[in-house]
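A.B. asks: Numbering-wise (numbering that gives the first Met the number 0), the sequence shown opens with residue 0 and increments by one.
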Amino acid sequence: MPSSPPARSLGLLGLLTALLTGASASSSVTSSQAPPGRVVLVSLDGMGTRLLLDDPVSEELRALRALRARGVMADGLIPHMPSTTANTHAALWTGAWGDTNGITGNDMPLPPRGERLASATVSGYRSDGLRAEPLWVAAARQGVSTVAQQATQVFPLRDDLTGAAMVAPPVVLHGYQAPVVAPSRWLGPADVTRRRCASGDRAVRCFSWVAGPVTFRAALRRGPHQASALRVHLDGTTRAVDVPLVPTEHEPPRGRSLARHFSDGLLVDVPGVPPVMAYFRLFEASADGRSLVLFQSQLQESVLSRGRVVSRAESIALLEATGGFVGNGDDEPWEREGVGGLALWQGGDGRRERRYLETLELGIRQTIRQAQHLWHTHAPRFFLGYVSMPDEMDHAWIGHARDDARYEPLRRWGYQLVDRAVETYAGFVSDRDHLVFVSDHGMAPVTHEVRVNLALRAAGLVTVDARGRIDPARSQVIFGRNCLRIHTDDWKGGVVPVGQREAVLAHAVAVLRGIRDEGDARPVITDAFWTPADRERLGFGGPNGHDACFDARPGFMMATTMGDGPLVRRRPRPTGEHGYLPTRPDMHGILIAAGPGLPAGGRWPVTRAIDVAPLVSDLLGIHPPHSATGQSPLPQ
C-alpha cells in the first residue's frame, strides 16, 4: 500500500509519477486520514436507476432502499457503448473504457489487426482481450487482502489477473466463464431410459439419463398413497440424493428458505471430469411413474484461485462447504415443451413462470452461500461481488409487464431475490466500512425489432452464403450489438481498402439512418455516433473497437437476424433489452454507496462506469488501477 493514499483518484501520468518518485501527489491525504474500514463492491446486473426509482416492483428492494437512505446515490451511472454487460463490467473494474482496457462488447475480435480476423470474435466475458489492470489486482498489489467473486474477465486464468507473483494474491472465484460439464435439463418420460429396478428397492419405476460425460440413475418410490420421492444416484458410485415430490412453489421468497424444494447437492467427482455439484427438482410424477417433470441443474465448474488454481481436493472441499456454482436460472423454460402447461402470455396459469423463478432462486441461493463462505473464510478488506439479477428476469418479463398486470407479482418475486442478495452483502460490513452497489446498465421494454443486416445486405455491404447466412469474411461491414466495424484490409483477410474506410462507413451510416417502419415516416435508428470525437467520448474505439454505434427508438431493438419479411417487424412477444446509447436515462445503471463520511440521503450527479474503480480506490485509500482514466466522485 502507498505510504500516502490519494484522497481523489489520479490520472495515469500522476500515478506513474508518484510510483516512480515515491512522492505523494498534491491531492493526497495522510495515512491517518484514510478510511480504516473494509469495502464491499457488488454489481447487480441490469439494475437500472429508472427501474429503482420508477418501477413499482422495486418496492421489494428494501435493503437497497435502506442503503440509499443512509448513504449517497448518483443520479445515474453511464455504461459503456454499447450498453452491454461484459464491456461495462470491464469499465467498472478497470476505470477505463474499452478503447483502453480492450473489452469493447460481449463479443469482439482481438488485435493485432494484421494477425487477426475481424470476423473471428471471442467472448468479452473472457480474459483473452483484457489489456488493463482490474481493481482486484490493483488492491492486492497494494497490500489489501482481496476477494473477487464471479468477476468478469477472469477466465482463462492469467498470472497478471490473479496476482500470481504477489506475496498475498487475491482470492478469485469464478464460474461463469469456466467449462460447462453438462447443461441443465427438463426431463420427461421421453428423455430418460427405463432400467430394471434393483431387488428390494420398492420403486415403481427406475430410469437413467446421460448428462455430458456422466450418467444419473433414479428410482421413483411410492409413498402411502402415491409416488412421493426420487432417489438419484451418480452412476458408478455410491453417492445419491433424495428428491422430494413437491408441487410448484406458490409462496414468494421473503422470509423463507430459498430453493427449498430442491435436492441437496450431489457431488459429481469422476475421473476426467472437474468436480461439480448437481441439484434436482421433482415437480410432477404420477403414481406409476409414467409421467414426470424433473429438473436437473447445469453442471458447471467453479474455479478457485489464490494466485494458482487450487487442487482438486480443495475444490471438492469448497463444493462440500458451499454447494455448486449455479450462475443463472434455466433459460426461459416456459418456451419449452414438457415443463407443464402454457406460459401466461399463451393463456397459461403461471406455473411455467414460477418454475423458472425456482431455478433463479437456486442460483441466488448459491451466490449467497459462496459469498458468505468467502467472506468468513478469508476476511478480506476488499470484497468484489456479482449478482446476475434482475437482468435475466427482466429480459424475459419487463416487456410483458408493461401491458399485463399478471407479471407484476412474478417480478416482485424476482426483486425479493435481489433483496436477499443485497441483505447478505450489506450484512458483512460494520459502521466503519463502506458498501458500494453498482450495475452495468438499465433495461427497456421492446416490442419491435429492426433487422439491420437485411438493410446492409440490400445496400451491398453485407454478403450471405448459399444458405442465406451472413458471411462476415466477405462482407464490407460487420454488425454486432448496436455497433458495426468496417472490414478494412488492415485486419487479416479484410476486404475494404483502408483508404476507402470513411466512404464505406458514411454509406453504412446513411443506410441505417434511412430505415423506416412500414407506415411510419419517422426513422427507427434515431442517432449515429461515428466520428473520432464520438469514439473518444464514448470509449468504443481502439484497436478492436467499433467504427460506429447507434441508438434506436424506444420499443425497438437492432437485431442481427436475417430471413424473409420486412426490415422492421413486431417481435413474437415483448422482451426487455439494453445496448442502446448509454446516456439514455433508461440505460443508466445504479451507483449507491454508504459508509463513514458519506452523507445520508446524499446525491451525486450522473457518473460514469469508469469512475467506480477510482471511487473504490479512494474508499480503500489506495491508488486506482494503472490504466484508470475515470474520476472518483468524492471531493478533493
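Where a beta carbon is used, it is the ideal one built from N, C-alpha and C, also for glycine.
#1: Where do the N-terminal and C-terminal ends of the alpha helix (DSSP H) with Y406 fall, by residue?
#2: Taking all protein chains shown into account, do 16 or more other C-beta atoms lie within 10 angstroms of the C-beta of L619, making it buried, or fewer, making it exposed?
#3: Please classify H433 as buried or exposed, where buried requires at least 16 other C-beta atoms within 10 Å of its C-beta.
#4: Nearest to P379 by alpha carbon, out of P169, R61, D106 and T606?
#5: Taking the beta strand (DSSP E) that H433 falls in, what are its first and last residues?
#6: If you scan the segment 36–82 from start to end, which runs of the alpha helix (DSSP H) of 4 or more residues do you find wholly inside it?
#7: Could you check the C-alpha separation between P146 and F154 for me, to the nearest Å?
#8: Cα separation between V213 and L233?
#9: Please list, in chain order, all residues of the same chain as P273 whose beta carbon is under 6 Å from its beta carbon, the five residues on each side excluded.
#10: Identify which residue in R37, V267 and L229 has its Cα closest to the Cα of S285.
#11: Count the CB pairs spanning the segment 92–107 and the segment 626–634 that are closer than 8 Å, and state whether there are at least three.
#12: With C-beta atoms as the reference, is S387 less than 7 Å away from M46?
#13: Rounding to the nearest angstrom, what Cα-Cα distance links V71 and D610 in this structure?
#14: So S118 and I397 are supposed to be a Cβ contact under 8 Å. How far apart are they, rounded?
#15: Quick check: what's the CA-CA separation for A370 versus Q148?
#16: When the distance is taken between beta carbons, is F381 closer than 7 Å to V171?
#17: Starting from the Cα of L186, find the closest Cα among G288, G518 and P624 and give me that residue.
#18: Can you tell which of L416, R468, G594 and M561 has its C-alpha closest to the C-alpha of S57?
#19: Which same chain residues, not among the five before or five after E407, have their C-beta less than 8 Å away from its C-beta?
#20: Could you check what DSSP says for I589 in three-state terms: helix, strand or coil?
#21: Going by CA-CA distance only, name the one from G601, L504, T487 and E448 that's closest to L566.
#22: Looking only at DSSP bridge pairs, what is Q148 linked to?
#23: Helix, strand or coil: how does DSSP classify G123 here?
#24: Just the Cα atoms here: how many angstroms apart are S144 and A138?
#25: Would you give the residue range spanned by the beta strand (DSSP E) that S207 belongs to?
#26: Report the rounded CA-to-CA distance for R49 versus H587, giving the unit in angstroms.
#27: In three-state DSSP terms, what is A370?
#28: Contact check, G578 vs N481 under 8 Å by CB: the rounded distance?
#29: Confirm, please, whether the CB-CB distance from E283 to V269 is below 7 Å.
#30: Cutting at 6 Å between CB atoms, please list the residues of its own chain near P623, excluding the five before and the five after it.
#31: Quick check on DSSP: helix, strand or coil for A24?
#32: Less than 7 Å between C-beta atoms, sequence neighbours within five positions excluded: which residues of the same chain meet that for L361?
#33: Look up A284 in the DSSP assignment and say whether it is helix, strand or coil.
#34: Considering only residues of the same chain and omitting the five flanking positions on each side of R130, which have a CB-CB separation below 7 Å?
C.D. replies: The short version:
#1: Residue range Y406 to A425 is occupied by the alpha helix (DSSP H) that includes Y406.
#2: It counts as buried.
#3: Looking at its Cβ environment, which holds 16 or more other Cβ atoms inside 10 Å, H433 is buried.
#4: Measuring from the Cα of P379, the nearest candidate turns out to be P169.
#5: H433 -> beta strand (DSSP E) spans H433 to V437.
#6: Listed in chain order, the alpha helix (DSSP H) elements of length 4 or more contained wholly in the segment 36–82 are 48–53 and 61–69.
#7: Before going on, a small fix: residue 146 reads as Val here, not Pro. Spanning the two alpha carbons is a distance of roughly 16 Å.
#8: For V213 and L233, the distance between alpha carbons rounds to 8 Å.
#9: Excluding residues within five positions, the ones whose Cβ falls inside 6 Å are E300.
#10: With respect to the C-alpha of S285, the residue from R37, V267 and L229 having the closest C-alpha is L229.
#11: The segment 92–107 makes contact with the segment 626–634; the number of CB pairs closer than 8 Å reaches 3 or more.
#12: No, the pair does not count as a contact, with Cβ atoms beyond the cut-off.
#13: The straight-line gap separating the alpha-carbon atoms of V71 and D610 is approximately 15 Å.
#14: Actually they are not in contact, since the Cβ atoms of S118 and I397 sit about 33 Å apart, beyond 8 Å.
#15: When rounded, the distance between both Cα atoms is 7 Å.
#16: Cβ distance not < 7 Å, so V171 and F381 don't count as in contact.
#17: Nearest in C-alpha terms to L186, of all of G288, G518 and P624, is G288.
#18: The alpha carbon of S57 has as its nearest neighbour, out of L416, R468, G594 and M561, the alpha carbon of L416.
#19: The residues are P55, V56 and A400.
#20: Reduced to three states, the DSSP call for I589 is coil.
#21: For L566, the closest of G601, L504, T487 and E448 by C-alpha to C-alpha distance is E448.
#22: Note: Q148 sits in a beta bridge opposite L172.
#23: G123 falls in the coil class under three-state DSSP.
#24: Whole-angstrom Cα-Cα distance: 8 Å.
#25: Segment A202 to A210, the beta strand (DSSP E) holding S207.
#26: Spanning the two alpha carbons is a distance of roughly 7 Å.
#27: Collapsing the DSSP output to three states places A370 in a helix.
#28: About 4 Å separates the two Cβ atoms, so the contact holds.
#29: Contact flag unset, no.
#30: Residues of the same chain with a CB within less than 6 Å of the CB of P623, apart from the 5 flanking positions on each side, are S8, G94, A612, P613 and S616 in chain order.
#31: Note that A24 has pLDDT 31, beneath the 50 cutoff, so the model's placement of it is unreliable and the number below is only indicative. Residue state, collapsed to three classes: coil.
#32: Result list for L361: A258, F261, Y278, S296 and V325, in chain order.
#33: In this structure, A284 counts as strand in the three-state DSSP scheme.
#34: Closer than 7 Å at the Cβ level, and outside the excluded window around R130, lie N100 and G101.
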